[in-house]
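Trainee: In terms of the numbering used here, the sequence shown has 246 at position 252, counting the first letter as 1, and numbering is strictly consecutive.
We treat Cβ as the ideally placed atom computed from N, Cα and C, and that holds for glycine.
Predicted model, so just to flag it, every value in this text is computed and none were measured.
Quick one: this structure, given as structure tokens, is what I'll be asking you about.
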Amino acid sequence: MEARLDLDGKPIKPITICMIGAGGFIGSHLCEKLLAETPHTVLAVDVYYDKIKHLLEHPAGRIQFHRLNIKNDPRLEGLIKMSDLTINLAAICTPADYNTRPLDTIYSNFIDALPVVRYCSENGKRLIHFSTCEVYGKTIGSFLPKDHHLRKVLSCSSTFYEPDFYLLKEDSSPCIFGPIEKQRWSYACAKQLIERLIYAEGAENGLEFTIVRPFNWIGPRMDFIPGVDGPSEGVPRVLACFSNNLLRREPLKLVDGGQSQRTFVYIKDAIEAVLLMIENPARVNGQIFNVGNPNNEVTVKQLAEIMTEVYSKVSGEPPLEVPTIDVSSQEFYGEGYDDSDKRIPDMTIINRQLGWSPKTSLQDLLDSTLTYQHKTYAEAIKRAMTKPTAT
Ligand code: NAD
Ligand code: UDP
């Protein structure tokens, strides 16, 4: 293999990476990329390995799986010490948990991450920590009165106001959360505090860190399909919820009318950005990065419409006559749910430091993702749906 060069033209030396949460959605794609395109070694830490099973027989043996729960396992420090870089992806990160399991959410996103930060700091190891775009919370624009002249209604499902009121910038946007009784914000708040702690470790103790704020990364292997490879009553993130509805030929549920807006980025584009961070430490040290695709903005309702159309194309089945239904957030998520209204990442910093920008359109990423969902799950769903129920 020819020596690979970093963005400054220097050869990249092979390193060992301790990847915590490697068995999840993002971890599985990152492991795949590292094994296929780099000489690096991965110590993959998780409690599950189903999503990386296919990689564990890698002929060069550059990935080792360590089944451990970082909450209470003394082996963690040794693995971090053996590595040049630690990437922490471990988290409870599905909105259905934030208001129903707020304690687990706060422990997972703050308390459980503390030893990881401490071991990196004490042992002089680099840390790439996964935070979230949710640390921004709600946009300033969402607080403009409905009839304010800065808020222009474009159609029944979209409003427009000046970018200063919604564009999310790492170094200048405020973090705006709802009241404590809206437990939705337990996740965002825990993530914000761990970001502040990591930042302070950098400032006071010289920790070499990078913080990643993903903006709705989606693609194959995201979450689970309830009743197939996850609990029947489980509520995954929107891609898997809508995929499940489409596979079962039931209407897609629009929470509070599906008016919230999101920007979706293809997992494979986002992983390119993470690889650049891994291999260009001098350019990313002490930085916080938005990683998303500002060009792929839709309301959740529009997402449902596009997914319905794309799924019909990839499955060959006609769309349902009534493709969506509205449900209240109270009914869908329970007490204490709240929502981010709009999330558009400012891309200035990642562009300047790494020259990265996303490439894949929403249409293309849904084409490939829903083709995967259909191939992976359609038969299993049919079998599950025709199974006689116990009397
Ligand atoms: P995921 O749930 O698929 O992966 C997380 C993995 O961490 C899981 O495999 C889980 O088993 C593991 N894990 C959790 N607690 C653990 C523990 N105590 N010990 C060992 N392993 C543990 O989630 P993901 O989408 O891959 O997200 C990864 C990270 O990125 C998370 O920190 C999440 O908050 C952040 N993030 C992701 C998105 C996105 O769009 N996917 C958006 C915002 C933030
Ligand atoms: N949502 C929805 N129907 C579903 C699942 C989610 O309308 O079946 C909405 C949810 O209320 C939110 C958006 O889709 O407005 C994105 O939800 P997701 O779970 O992906 O996480 P978030 O982007 O809020 O972190």
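Mind checking which residues open and close the alpha helix (DSSP H) that includes VAL111?
Mentor: Taken as a continuous stretch (DSSP letters only), the alpha helix (DSSP H) holding VAL111 covers 108 to 116.
Trainee: State yes or no: is the C-beta of SER125 nearer than 8 angstroms to some heavy atom of the ligand UDP?
Mentor: Not under cutoff, so the answer is no.
Trainee: Please classify CYS127: does DSSP put it in a helix, a strand, or coil?
Mentor: CYS127 falls in the helix class under three-state DSSP.
Trainee: Which class does TYR260 belong to by DSSP, given the choice of helix, strand or coil?
Mentor: Correct three-state label for TYR260: strand.
Trainee: Could you give the distance in angstroms between the alpha-carbon of VAL294 and the alpha-carbon of LEU79?
Mentor: Going by the C-alpha atoms only, they are around 37 angstroms apart.
Trainee: PHE203 by DSSP, collapsed to three states: which one?
Mentor: Residue state, collapsed to three classes: strand.
Trainee: Sorted by chain position, which residues of the same chain lie with C-beta nearer than 6 angstroms to CYS204's C-beta, five sequence neighbours on each side aside?
Mentor: Looking at the sequence provided, one finds Thr at residue 204 rather than Cys. Taken in chain order, the residues that qualify are ILE122, MET271, VAL278, GLN281.
Trainee: Tell me, which residues are paired with LEU37 by DSSP?
Mentor: Answer is CYS12, GLN58.
Trainee: The beta strand (DSSP E) with PHE326 in it runs from where to where?
Mentor: PHE326 -> not in any beta strand (DSSP E); alpha helix (DSSP H) instead, spanning 323 to 327.
Trainee: Evaluate contact between the segment 176 to 190 and the segment 326 to 335, counting only Cβ atoms and requiring at least three cross-stretch pairs below 8 angstroms.
Mentor: The segment 176 to 190 vs the segment 326 to 335: in contact.
Trainee: Name the DSSP bridge partner or partners of GLU291?
Mentor: According to DSSP, GLU291 bridges with THR257.
Trainee: By alpha-carbon positions, which one of GLU51, TYR260, HIS368, MET301 ends up nearest to SER351?
Mentor: Selected option, being the one with the closest Cα: TYR260.
Trainee: Looking at ALA84 and ILE6, is the spacing between their C-beta atoms short of 9 angstroms?
Mentor: No, Cβ-Cβ distance for ILE6 and ALA84 is not below 9 angstroms.
Trainee: Let me make sure I understand the geometry here. Which of SER362, CYS127, THR99 has the alpha-carbon closest to that of THR354?
Mentor: Taking only the C-alpha atoms, the option nearest THR354 is SER362.
Trainee: Using three-state DSSP, classify VAL278 as helix, strand or coil.
Mentor: Looking at VAL278 - three-state DSSP - the assignment turns out to be helix.
Trainee: At what residues does the beta strand (DSSP E) containing LEU359 begin and finish?
Mentor: That residue, LEU359, is in no beta strand (DSSP E); its alpha helix (DSSP H) goes 356 to 380.
Trainee: Determine the DSSP secondary structure at GLY17, reduced to helix, strand or coil.
Mentor: Three-state result, GLY17: coil.
Trainee: Would you report the Cα separation of PRO339 and GLY200, rounded to the nearest angstrom?
Mentor: Approximately 28 angstroms between the Cα atoms of the pair.
Trainee: Using the three-state DSSP reduction, which class does TRP350 fall into: helix, strand or coil?
Mentor: In this structure, TRP350 counts as coil in the three-state DSSP scheme.
Trainee: Could you tell me the alpha carbon to alpha carbon distance between ASN103 and ILE134, rounded to whole angstroms?
Mentor: Taking the straight line from one Cα to the other gives about 25 angstroms.
Trainee: Check whether the segment 59 to 79 touches the segment 18 to 33, taking contact to mean three or more Cβ pairs, one atom from each stretch, closer than 8 angstroms.
Mentor: No, the segment 59 to 79 is not in contact with the segment 18 to 33.
Trainee: Quick one: does the C-beta of CYS87 sit closer than 8 angstroms to a heavy atom of the ligand NAD?
Mentor: Yes, the ligand NAD has a heavy atom inside 8 angstroms of this Cβ.
Trainee: Ends of the beta strand (DSSP E) at THR80?
Mentor: Note, THR80: beta strand (DSSP E), 79 to 82.
Trainee: Out of curiosity, what's the CA-to-CA distance linking THR450 and ILE20?
Mentor: Shown here, the chain extends from -5 to 385; a query on residue 450 therefore has no answer.
Trainee: What is the rounded straight-line gap between the Cα of ASN66 and the Cα of TYR113?
Mentor: Their Cα atoms are separated by approximately 14 angstroms.
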